[in-house]
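So this is what it looks like as structure tokens:
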């Protein structure tokens, strides 16, 4: 008989109802105890429907894997609902106080609409819970029905809630086991897939596990050939292993420790090992875990590189020797180019010296024959007068020759090559001009503005060579292409602070802007083949910048010509630079 408002014997019915609730509680406990699956929910909702003589019954719950489900009495399996739809039902009709009456309502998507429903919350888990909805085809649910349903809730709710929580914990445990299995699989793949040897060893340094790469590295057929053996058995120098173990005991880890291991076939391999120790709370080593990487190929490559570097150093030394020879060749070529001019300069005074000496010889021959008649003719007086002029010209010629030779000697300074000494830059310019004069005088006027300079610490021979190269280049620039008149070469010196500055300017065609930054490169030349090696300015740059700690630069344009500037420290190069201040 449905539990409606019309009951003839309330006391009897109440006792009967309470007995049915007690039996229902026992039955539900048995159902949940015998079946851990979700099918138990289907059986439970069927039993509740029968006990309350309801037209329909449905259970709302959330599975252990967070699926939103309903179990409908009379069906064989639970049905999944979208979370939003599930929540709409329980929030609208679930009863905030635990039990509620509502209607009309129909089970979502299933069954017909019934006028009277009653709901009870069996448990709450966080923001979620479990609910039972019971429906009647006619009438309404009595207060007694609500009280009995509340009694059922008090009896069965702890069982249902505990079962739900246990399901959640079991699901969490299963998920944790799956994650652990995945991690173990991932670590196992990493362990076995590594190209480097990975091993574990106990506190006594006995190998407890090793990957396939370890057997390959040491040349053994299986892991069993390595496990159970001391790692030191595979180290060529046992002291290396003792040092390694000392470091790991002290620090708990070792990074990139270099070691030589012996393979089964007797060969050796260079390796680096990184390891750390797993310790207990007292600091005692429980296990050592290490990675060993074969660096034999890298060592061989390094040795090859060292050999190549040695060969490169030897080649560089040979190149320096060759460069020195080329420097001397360049210097000799410059001096050879000027040899004809120097000879010409010397031949001029020698010519009239020879002529004067011949004339003097004739005059004194006449003296011998005419000595008795000189008083009447007066010829002797004229002869002696001419002889004085001849001797004066001869002395001037000799002085010119001596000056040329002296300047040539000052220019070359072959006896002091490589030495740094006090050097008069202006005097060096004068000496070099004498040597270069035959190159200059036919193509250029010369203008000198030599300031008052202190002596500087320098290698005079090398600076003279640089100045000569600049002057010859300037003269050649003025002669190419040929011009109708002479050009102009200007030489100037001045003191600027702690350095002296020399400038050599010509009003030639200038250096194209596109190649100005290359004029100091070795072997770069704008001259015709056979007229230059391309080393003159490169050598000059080396002498000024690298050996003397100075500066060398050029400014040029087609309208005003070219100017080379040389700046030299008065005190000479600093110790870190290439010079030898002496």
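Numbering (my numbering), first residue to last: 218 to 799. Even for Gly, the Cβ is constructed at its ideal location relative to N, Cα and C.
Residue 355 (DSSP reduced to helix, strand or coil):
Of the three classes helix, strand and coil, the one that applies to residue 355 here is coil, per DSSP.
Among 787, 737, 789 and 779, the one whose alpha carbon lies nearest that of residue 769
Closest option to residue 769, Cα to Cα, is 737.
Have a look at residue 263 and residue 308 and give me their C-alpha separation to the nearest angstrom.
If you draw a straight line from the Cα of residue 263 to the Cα of residue 308, it is about 23 Å long.
Can you round the beta-carbon distance between residue 377 and residue 352 to whole angstroms, since I take them to be within the 8 Å contact cut?
Residue 377 to residue 352, Cβ: 20 Å. No contact.
Can you check whether the C-beta of residue 728 is within less than 8 Å of a C-beta belonging to chain C?
Considering every chain present, this structure includes no chain C. It has just one protein chain.
In angstroms with no decimal places, state the Cα-to-Cα distance between residue 412 and residue 764.
Cα to Cα, the separation comes out at about 54 Å.
Kindly confirm or deny that the stretch 358-371 and the stretch 275-282 touch, where touching means at least three C-beta pairs closer than 8 Å.
Put simply, the stretch 358-371 does not touch the stretch 275-282. Fewer than three CB pairs are less than 8 Å apart.
Whose CA, out of 760, 303 and 505, lies closest to the CA of residue 636?
Nearest of 760, 303 and 505 to residue 636, Cα basis: 760.
Under 8 Å by Cβ, that's how I've got residue 708 and residue 728 pegged, so tell me the actual separation to the nearest angstrom.
That belief does not hold up - the Cβ atoms of residue 708 and residue 728 are roughly 19 Å apart, past 8 Å.
Would you call the stretch 391-402 and the stretch 268-276 touching, i.e. three or more CB-CB distances under 8 Å?
Short answer: they don't touch.
Alpha-carbon spacing of residue 661 relative to residue 704, whole angstroms:
Their Cα atoms are separated by approximately 4 Å.
In its own chain, which residues sit with a C-beta less than 6 Å from the C-beta of residue 372, not counting the 5 before and 5 after it?
Counting only residues of its own chain and dropping the five nearest sequence neighbours on each side, residue 372 has a CB closer than 6 Å to the CB of 242.
Between the CA atoms of residue 788 and residue 778 - distance to the nearest angstrom
Looking at the two C-alpha atoms, the distance is approximately 32 Å.
Range covered by the beta strand (DSSP E) that runs through residue 758:
Run containing residue 758: none in the beta strand (DSSP E); it sits in the alpha helix (DSSP H), 753-758.
Can you tell me whether residue 520 is buried or exposed, with buried defined as 16 or more other CB within 10 angstroms of its CB?
Exposed, because fewer than 16 other Cβ atoms sit within 10 Å of the Cβ of residue 520.
Whole angstroms are fine: how far does the CA of residue 643 sit from the CA of residue 715?
Taking the straight line joining both Cα atoms gives about 17 Å.
Using 10 angstroms around the beta-carbon of residue 407, count the other beta-carbons present and answer buried if the total reaches 16, otherwise exposed.
The Cβ neighbour count for residue 407, taken over all protein chains shown within 10 Å, is under 16; the residue is labelled exposed.
Cβ distance (whole Å) where residue 649 is taken to contact residue 685 below 8 Å:
Going by Cβ atoms, the distance from residue 649 to residue 685 rounds to 5 Å, so yes, they are a contact pair.
Suppose contacts are defined by Cβ-Cβ distances below 8 Å. Is residue 337 in contact with residue 294 by that definition?
With contacts defined by Cβ atoms closer than 8 Å, residue 337 and residue 294 do not form a contacting pair.
Can you look up residue 448 in the DSSP assignment and give me helix, strand or coil?
When DSSP states are grouped into helix, strand and coil, residue 448 belongs to the helix group.
With residue 416 and residue 402 assumed to form a contact (beta carbons below 8 Å), what rounded beta-carbon distance in angstroms separates them?
Their Cβ separation, rounded to whole angstroms, is 20 Å, which puts residue 416 and residue 402 out of contact at 8 Å.
Proximity test, residue 399 beta-carbon vs the ligand FMN heavy atom, cut-off 7 Å
This structure lacks the ligand FMN, and indeed carries no ligand of any kind.
Stretch-stretch touch, CB-based, cutoff 8 Å, three pairs: the stretch 435-452 with the stretch 475-483:
Taking 8 Å as the limit for Cβ pairs, the verdict is that the stretch 475-483 does touch the stretch 435-452.
In the DSSP assignment, the alpha helix (DSSP H) including residue 458 goes from what residue to what residue?
For residue 458, the enclosing alpha helix (DSSP H) stretches over residues 455-468.
Short of 6 Å in beta carbon distance, which residues of its chain neighbour residue 781, apart from the five on each side in sequence? Order them along the chain.
Excluding its 5 nearest sequence neighbours in each direction, residue 781 has C-beta neighbours in its own chain below 6 Å: 687, 721 and 771, listed in chain order.
Between which two residues does the alpha helix (DSSP H) harbouring residue 691 extend?
Element bounds for residue 691: 677-695.
Simplified DSSP assignment, three categories, for residue 736:
Coil at residue 736, not helix or strand.
Closest Cα partner of residue 317 within the set 495, 333 and 699
The shortest Cα separation from residue 317 among 495, 333 and 699 belongs to 333.
Straight-line Cα distance separating residue 486 from residue 515:
Distance between residue 515 and residue 486, taken at the CA atoms: about 11 Å.
For residue 251, does the count of other Cβ atoms within 10 angstroms reach 16, so buried, or fall short, so exposed?
Exposed is the call here.
What did DSSP end up calling residue 256 once you bin it into helix, strand or coil?
Of the three classes helix, strand and coil, the one that applies to residue 256 here is helix, per DSSP.
In chain order, what residues of the same chain have a beta carbon less than 6 Å from the beta carbon of residue 495, not counting five sequence neighbours either side?
Cβ neighbours of residue 495 beyond the five flanking positions: 503 and 504.
Taking DSSP as the reference, what is the three-state secondary structure of residue 487?
Here residue 487 sits in strand by DSSP.
Let's see if you can read the secondary structure: which residues bound the alpha helix (DSSP H) around residue 645?
642-657 is the extent of the alpha helix (DSSP H) around residue 645.
Helix, strand or coil for residue 482 per DSSP?
It is coil, neither helix nor strand.
Could you give the residue range of the alpha helix (DSSP H) that holds residue 431?
429-435 is the span of the alpha helix (DSSP H), which, as asked, contains residue 431.
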